[in-house]
Every structure is written in C-alpha cells, then in structure tokens.
Amino acid sequence: MRLRYLIPVLGFVVLFIGLAVGLTLKPREIPSALIGKPVPVFDLAPVKGRSIGLSTADLKLGTPVLVNVFASWCVPCRQEHPLFMELARTTDFKIYGLNQRDEPDDAARWLDAFGDPYDRTGADISGRTSIDWGVYGVPETFVVDGNGCIQYKHISVLTREILEEEILPRLRGEKHVPCEG
Amino acid sequence: MIPELGHFAVILALTVALAQGILPLIGAQRGIASLTAIARPAAVMQFLLIALAFIALTAAFVSSDFSVLNVWQNSHTDKPLLYKVSGVWGNHEGSLLLWVFILALFGAAVATLGNNLPTVLRTRVIAIQGLIGVGFLLLLVFLSNPFERVFPVPAQGNGLNPLLQDPGLAFHPPFLYIGYVGFSIAFSFAVAALIEGKVDAAWARWVRPWTLASWTALTIGIAMGSWWAYYELGWGGWWFWDPVENASFMPWLLGTALLHSAIVVEKRDSLKAWTVLLAILTFSFSLLGTFIVRSGVLTSVHAFATDPERGVFILAFLVVAIGGSLALYAWRAPALKGGGIFAPVSREGALVLNNLLLVAATSTVFIGTMYPLFLDAISGEKVTVGPPFFTATFVPLMVPLLAVMAIGPMMPWKRADLAGTLSRLKIAAALTVSVALVTLYLSGVDQILAVLGMALGAWLIFGAATDIAERTKLFRISIGESFRRAQNLPRSAWGGAIAHAGLGVAILGMTGTLSWETEQLQIMRPGDRVEIAGYELEFDGVEPVTGPNYDAVRGTFRIYRNGRLVDVMRPETRRFSDPPMVTTEAAIRPRNFGDLYAVVGESNGDGGYAARIYHKPMINWLWIGALLMAAGGLVSLTDRRLRVGAPARRAATASPDLRAQQRAT
Amino acid sequence: MRPKRRRLYFVLAGMAALGIAVALVLAAFEDNLVFFSSPTDVYARDLPSDRKFRLGGLVEEQSVKKSNDGLTTTFRITDLTSAVPVAYTGILPDLFREGQGVVTEGHLGPDGVFIAESVLAKHDENYMPPEVAEALKKSGQWKGAAQ
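Keeping their order, the protein sequence lines are chains A, B and C.
When we follow the numbering used here, the leftmost residue of the first sequence carries the number 38, and every step to the right adds one.
When we follow the numbering used here, the leftmost residue of the second sequence carries the number 204, and every step to the right adds one.
When we follow the numbering used here, the leftmost residue of the third sequence carries the number -16, and every step to the right adds one.
Structure below.
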C-alpha cells in the first residue's frame, strides 16, 4: 500500500526526462533549405563609413568565409559581437557582415562603438537580400565555402560552443556539403 | 554606484539565504537552540537586502541609467514614469528579482508574524523558504544579473515593447508572482510537516490564509491578463489556452483544490497526506510555470533565443525542489494517516469530489500543454494543441464540478442526507430551471450548450444565495434576527458564498459571449453603414493622429440605436518607431449586457478600410465574476479563525489521536 | 471495516476521475492535434484535405493579391524549396508583409489551395522574453471569418 505514495515522485521522473530531452532540442521551426545551395545573387554597398561592399562574387574567392547578419537595433547581436571581435583578432578567417534593415548612421555608430570585425559589409537597407538568404531573424550566421555554396546556418546568438563545434571545422573545410546545382 | 550596491546586496542575500536555509534545519534536527535562533533574523535580513537590490534596480530604471544593460534594453527616456517602473519586471532578470523579492517578503512575514507557531515548525518553514530563495538567488547572481553594465554607455534605450505599455499589463506580473510565490509558503509548511511527520488542524489554519491570499492574487493576476488580451489584442479574445496562460492557470486550479482540502484538515483532521501532496504540487506547478516561461522549452520560434544554461539550471533546481519534496513525501507521508472518518455523501465527500475533478482538470491542461514538447522529444514532429483540445477535455470535467459546487457547502460534515440537502435547494433549483427555460425559449434548441452554461451559472449564484439564506434562517425567523445572524456568520462562510457566486457570474459571462457573439467584417467606405445587435454603425472615415511616441490612423464610427445617435467610437492602429511595431487599439463601448468592439484595419488602397465590429454579449460579467471571486478570497481572509493568534490557542488541543498514532509508527 | 470501505470509495472515485480524464484526453487528441508543416512537407506527406494543420514559412515576394471584395487575400508560403498557395479571408495581422515569416492554420482545399483560418505573423525579429513573444503571437492571431 505504501507504493501509492511513490506515484507522485515517479510521475515527476517521467516529466523530468521529457523536460531534459526538450531542453536539448534545438529550435528548428523551419530548417534552412539553403544548405548545400549556392548563395543568392546580390550586390550591396558597404555600411556607411566603410569602403568595401559585399556581393555574390566576394563569396567565391576560394576560401570559406563567415557571413553574419546583424543590425544595430538587435540586442542579441551585441551579445555575440565580442566573439566576432575575438575571431577577427585571433584568426585569419574572413568575416562578412550583412547589415539588415538599419539606418546607415545607426549602423555606422554601432560599428564605431563596439568595434568592426568585418572584412566586408553589405548594407541591406530594404531587407531584400536577407530574404533571399532565407534570414528569419537577426542575428544569424552562415558559413559559405570557397565556391559560394552555403555550408551551415546558425540561428540566433552565436555561442562559443557552436563556434568551436560547428563553425570553425567548416571554416577549415571539414564536414563539407557538396553543392547542388 | 547604485547598481553595484544592488548587485552586492543580491550576493549578500545569497549568503544570508544559505545560512537561513541550512543552519536552522540542522539546529531543529539536533535541538541546537543557537542555530534555530538564526532563522528569524536571517529571513528579515534577506528581505532587507533584496528590497535594497530591488530599489536599486528601480532607481536605475527611473533615472534612465543606460549604463545598466537591462535598463538600456528595456527602457527609454520618453517613457512615462509608470512604464519605467513596470519596465523593472518587464524582462527576464528584473522579473526574477521581483520573484525573489516577494519570496523573501513572505519568508520575513512568517518570521515576524509567526510568534504563535511552534518554534521548531516555524524554524523549519523559514529554513525551507530560505532554500527556495537560494535556488533563485543563484540563478540571479550567476546567470541573470540584472545589474550588468554596458560600456560605452548608449545615449538612448531600446524602449519597452509598446504592447506592454499598458496599465493592465504593468501590474499583471506582480499579482501573478504574489500568487505563484505565495504558494511557496504552503509548500514550506508541507515540507516542514513531512520532516516532522505531523499535520494537524493548527497546521491547516496556518496554511490556509497564505493559500487564500496567494489564490486571491493569482485570480486577480489571471483576470487582468485576460482583460488586457481582450482590449489590447484587437479581436476580443480573452482566453487562448497558450502555454504561458496555462502556466498560471494550473497552479490556480491546484491552489483552488488545496484551499478546499485544507478546510477538511482544519475542521475534520482528515485528508492530511493528500493536502500535503496538493501543497507540494501547487508550488511545483508554479515553479514549472516559471520553467516553461523562462527556459523557452515550449516556444520554439527561434527568434526568442532560448538560453540553454538557464534552462539547465532551472531544471536542476526543479529536480531538487520538486523531486526532493516528492521523494520526501513518498518516504514520510505514510506516517500522516488517520483522522476523522466520514461517509462518501458528506461535506468531506463533496470536497474530495471537488479535489478529484480539479486535479483531473489540471492533468488535462498539463497534458495539452506539455504534449507538443514530448512529441517533439520523441519523434521530432511539431504539433500544436489548440483551444479545441482544451474545450473538449476541460469543460466536461467542469460541468459536474459546478453542479456539485452548489450542493457541497450545504452538506453537513461526516454524513449527509442527500435528499434532505437537495430539498433545501429546491427554490434554487426551480429558479435555475426557469433561467434554463428562458434561455431555451430565447435562443432555441440548437444552442443547447448556452442553455447548459446559463443554467450552471445561475445554479451557482442561487445555490450560494440559498447557502447564506439557510445559515441566516432567512424568512423563517424575523428579518432583524436574520440580519443579526448574517453579521455573526463566519467570514469564511461569506467568502465561500461570494466566491462561488462570482464563479457563477463569470460562467454566465463566458456563456453569453461564446454563444451570442456576433461579428461584422467588411470593407467600409466613408458613409457606409453596418448593422449589429440592434445598433447601426456609420463609418466616418479615418484621420491621421500623432501620439507621444507613435503615429496612428484613427477611424470614426457613429453609433445609432433606433435611428438616434448614441455614441461615437474611435479605434486606432498605432505605428511605433522605438521599437518598430504596430498595435491595434480597439474601440470598446462596454455595457452591462454587451460590449461593442470595433477595429479598423488596413486600407484597400481605394478609399475603403477593412473594419471588424463585434458585439460581445455579457463579457463584462466575466471580469465582474473574477473580481467577486477575488473579493470572496479577501473576505475569507478576514475570518477570525484565520487571524494570527488563533492557531496557537487551538494547537494545544489539536488531535491527540494523531500523536498517539505517531508514536505507534 | 469502515476506514477500509472509505478508502475503497476514494480509490474508486479517484480511478473514475482519472479514467474520465484519460478518455477525454484521448478522444480530444484524435481530432484536435494540429501539426506543423513546411511547404515541402505538404507535398511530401500527402495530407488528407480535411485535416487541420499549421503551415509556416515566408510569404513569397510578389505573391500577395487581394480579391475583389477586398477581404480575401491570396498569397504563397515558401520555404525557398517549395511554395503552397494560401487563401485567407479576414483582416491580416499588422505586420503581415511579403518576405516575412508567417504561420497559418487551416486545411488544404481540394484544389491544393491552403484555406487559412488564422494567420500569425512575426512582429519583430528581435529577441524578446517569452511572455512578450506569446502576447505578440496572440495579437497576430486573428480569428478567421469561417469560425
């Protein structure tokens, strides 16, 4: 008869397992259909105050690059920004910034204040290029191989863990996905 | 400087909470008076420190100190003072601080008001309250510091979401948290009772006011949230069964059950193990609600970045708090058996039925809320459990509950005569049947659910009235004598009747608006007229309006009744720039028997505007009913028996049989 | 014997309550679960036409058209691989735009057009607390005229 007093705690154990598994799930509402696809065709002027813009051709220069979608109005972008600064300081990987729907002055001020880790920037003022990239929210980060083929996409704030486990290997050419079409 | 002071106060509070949580427990176990003595001053100290931190954060918000990350993210210099203050808890870190603040407040309240509690019990309760505090303070210090600085200091803040800049929502979280956190006291009492292996009437008399107060606050909080959704979200919905709402609704349902089962413990010294379990579960669901809302496990839309570290921490905390207390329950609860015996048909029996139905209803809500998560975990399939699921499971369980609700309070303790009880309700039954018949006549047989709803609502109201009439012997003795009796009735009897009637009123409101709502949706050009529920609305066109921090388009509708102009309604669509967002400000014309609700939408580019007009019958009754329920809770709280001081005098005489049993086990 | 008897009643009542709850849940699950599909899933899965589900993706550029009465809107939802045509009658959420993320709930018509009963548009790409997110989600959720 004492066993019935165990029922609540057993129920909790089941719940705990569910929650624990739930926590490990990655948000993946709509998986990127662009992995293994060539980057869209675009050509953007640089963010105000910077001289080199960003276009499709810049993503086909033979070395893998990182494309980070950011905006000055985006709070989580600030959170991941130091990681890009660090990456720019300590490695030779190219980092490109896609500035989504920003006021030119705001974007420039933001980069001046917090540092500019980007080798190239593209000012996507209308947001159309981001749509072509399948960008859902800001921030998002893409890895593109040397032939302009999208290898990886990370949604929301970049963490050190993701950087080390998913992004750096791909920048080094590992886990390569062949390009369709 | 002030933010650092706040941060420092939080860290100090954590160390104090650790001392408060651990030392007195050891002291109580080993009988070391010097350690037990720490409990009370530590609880007060912890409260003062957290109050200091809370004031520091509020000061940062009020003075728009954007060097604090949290203020920069959530505030703006242009914001009215009210929303600067409510911005404190309009974000993750700040709301956590508010949570801890209320927790410490309640802990300190037990410490200062608990003179009449047995020392050991009081010590343990305060210690457990301290341990809960430790969990949240750890989260606050290590993973969610609200005082984090930014450098360089931004010139302007990001602003608060316009939807939240609303008086209804500004005070919604504090009420919810008082409710959630208040249940922690019942939880601490339950755990302390398990450690001691003793639950008696005095225990129940202590648990009940805290539960009542929390329940009342939660009722108000939920009602406010629902009311806000109604007028702010633009289509007049008032309940959505979404995870965040369910997270507050489940503790409310369980708290309601606890409220009732504690009566049985108090009056009849029975159902002890069950009541202790309910106390644990009620707070567990409050914690779980926090988990659901804070960790984002249930909101899969990626932009609302889930924070895995926080999630893992909260989960670990749940394991310690819920898993630990339930394990303690499995170990110690068998010792709590015994108590008054009663027949299935009795007041106790009715309360057991109430509990069973409430718990079953909570389970269905719980399954509906968690199922998407479990399915995702097992198969990766994304699924939504929508309102139809909840209607199909929750409502059928509520119908018998409501039917019994009017009868239960009329039954005597121990053993009741069902036929006799029902015969005392015959006037109420007759009135209920007439309400049902009138409804049937007015709305026809195809609206059978409306008839059922109206009948149940009426049954509750008339039942509550009968209860009071019976107790005051109304019409059987002179009016004056009845009046004197009414004054002498225990406040808890009044409170119960008011709350039950309030639920009846709310059910009438729900039924009315669900059954007879009408809506008109069309493109309107200036001069167009539309008829709804006996009103004629003429669209006058739109004009641009400039608000303090938004631009708006305002439509004008002239309301005619029987050809006479009675009112003008002006719904707006507002465009905010900081942060960029559009909100719909519906125009509402509330009346006793139905609101007119108008929304103006986008232009069709051709002089016409999409307009949506609703008539929402009796929707006001919903909020009035909720307020009555909360009022019932408050009236009950003023009951003499629940006042501080009463428990000690009764404790001495409580349940010798229990202690005998204790010795036997 | 009486306490035993009493316990029996309780156990029976408890089992009955539990049984009813389980039965209600199972019955409700049968009809009321709404699955989420991307446009690609729609073509891959071959869903029955009366089954309600959620369709999410981006509103395809230049696909939004208003009908003559001005209340019905047709557009296409795409996940950049495939696209599904959608029809919705009612006022669209304030931030419904081409190129924006959107989630709609409804069912597939016999002609392959998804008949949406509600349209839920995302309001802001920025991070926000889940409570706010939920609130926003609600504000975007319009009741369809069909209901």
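A virtual CB, placed ideally from N, CA and C, is assigned to each residue, including glycine.
Between which residues of its own chain and residue i is the CB-CB distance below 7 Å, once the five residues before and five after are set aside?
i                      : result
residue 145 of chain A : 84, 85, 86
residue 770 of chain B : 762, 792
residue 739 of chain B : 732, 763
residue 286 of chain B : 363, 368, 373
Hey, how far is the Cα of residue i from the Cα of residue j?
i                      : j                      : result
residue 214 of chain A : residue 202 of chain A : 16 Å
residue 7 of chain C   : residue 596 of chain B : 5 Å
residue 321 of chain B : residue 603 of chain B : 40 Å
residue 577 of chain B : residue 251 of chain B : 42 Å
residue 13 of chain C  : residue 35 of chain C  : 12 Å
residue 537 of chain B : residue 42 of chain A  : 7 Å
residue 921 of chain B : residue 111 of chain A : This structure cannot settle anything about residue 921 of chain B, because the visible part of chain B is limited to 204 through 868.
residue 65 of chain C  : residue 594 of chain B : 35 Å
residue 430 of chain B : residue 375 of chain B : 10 Å
residue 308 of chain B : residue 841 of chain B : 20 Å
residue 587 of chain B : residue 268 of chain B : 41 Å
residue 555 of chain B : residue 462 of chain B : 12 Å
residue 721 of chain B : residue 715 of chain B : 11 Å
residue 853 of chain B : residue 618 of chain B : Residue placement at residue 853 of chain B cannot be trusted, given a pLDDT of 44 that sits under 50; the coordinates are not used to answer.
residue 475 of chain B : residue 397 of chain B : 11 Å
residue 506 of chain B : residue 823 of chain B : Residue placement at residue 506 of chain B is flagged as unreliable, the pLDDT there being 27, under the threshold of 50; the coordinate-derived value follows with that caveat. Using only the alpha carbons, I get a separation of about 36 Å.
residue 573 of chain B : residue 518 of chain B : 15 Å
residue 164 of chain A : residue 52 of chain A  : 42 Å
residue 426 of chain B : residue 99 of chain C  : 30 Å
residue 679 of chain B : residue 406 of chain B : 38 Å
residue 132 of chain A : residue 140 of chain A : 21 Å
residue 280 of chain B : residue 296 of chain B : 20 Å
residue 718 of chain B : residue 820 of chain B : 9 Å
Within 10 Å of its beta-carbon, does residue i have 16 or more other beta-carbons around it, so buried, or fewer, so exposed?
i                      : result
residue 644 of chain B : exposed
residue 190 of chain A : buried
residue -10 of chain C : exposed
residue 28 of chain C  : exposed
residue 847 of chain B : Confidence at residue 847 of chain B is low in this model, with a pLDDT of 48, below 50, so its placement is unreliable and the value that follows should be read with caution. Flag for residue 847 of chain B reads exposed.
residue 113 of chain A : buried
residue 684 of chain B : exposed
residue 136 of chain A : buried
residue 109 of chain C : For residue 109 of chain C, the pLDDT reaches just 38, beneath the cut-off of 50, and the residue's location in the model is therefore unreliable, leaving the point undetermined.
residue 691 of chain B : exposed
residue 533 of chain B : buried
So residue i packs on residue j, CB below 8 Å; how close in whole Å?
i                      : j                      : result
residue 75 of chain A  : residue 171 of chain A : Contact doesn't hold; Cβ gap of about 13 Å is too wide.
residue 332 of chain B : residue 360 of chain B : Contact doesn't hold; Cβ gap of about 35 Å is too wide.
residue 521 of chain B : residue 491 of chain B : 7 Å
residue 329 of chain B : residue 227 of chain B : 6 Å
residue 725 of chain B : residue 54 of chain C  : 7 Å
residue 600 of chain B : residue 653 of chain B : Contact doesn't hold; Cβ gap of about 19 Å is too wide.
residue 143 of chain A : residue 81 of chain A  : Going by Cβ atoms, the distance from residue 143 of chain A to residue 81 of chain A rounds to 17 Å, so no, they are not a contact pair.
Taking 8 Å as the limit between beta carbons, can you name the residues of its chain near residue i, skipping five residues before and five after?
i                      : result
residue 627 of chain B : 613, 669, 673
residue 432 of chain B : 440, 441, 442, 443
residue 710 of chain B : 605, 656, 659, 660, 663, 828
residue 454 of chain B : 382, 383, 386, 421, 485, 486, 488, 489, 492
Looking only at C-alpha atoms, which of the options sits nearest to residue i?
i                      : options                    : result
residue 797 of chain B : B:818, B:786, B:779, B:808 : B:818
residue 765 of chain B : B:787, B:780, B:737        : B:737
residue 266 of chain B : B:253, B:430, B:284, B:642 : B:284
residue 98 of chain A  : A:140, A:90, A:182         : A:182
residue 834 of chain B : B:211, B:264, B:416        : B:416
residue 39 of chain C  : C:50, C:11, C:68           : C:68
residue 801 of chain B : B:807, B:787, B:808, B:795 : B:787
Ignore the nearest five residues each way along the sequence and tell me which others in residue i's own chain have a CB closer than 6 Å to its CB.
i                      : result
residue 177 of chain A : 106, 192
residue 195 of chain A : 117, 120, 178
residue 209 of chain B : 256, 259, 260, 350
residue 65 of chain A  : Since pLDDT at residue 65 of chain A reaches only 43, below the 50 mark, its modelled position is unreliable, and no value is offered.
Between residue i and the ligand NAP, is the CB less than 6 Å from at least one heavy atom?
i                     : result
residue 82 of chain C : As presented, the structure is devoid of all ligands, the ligand NAP included, so that no description of it is given.
**Report entry** Short-range partners of chain D found in the region 806 to 817 of chain B, where Cβ spacing is below 7 Å
**Finding:** No chain D is part of this structure, whose protein chains are labelled A, B and C.
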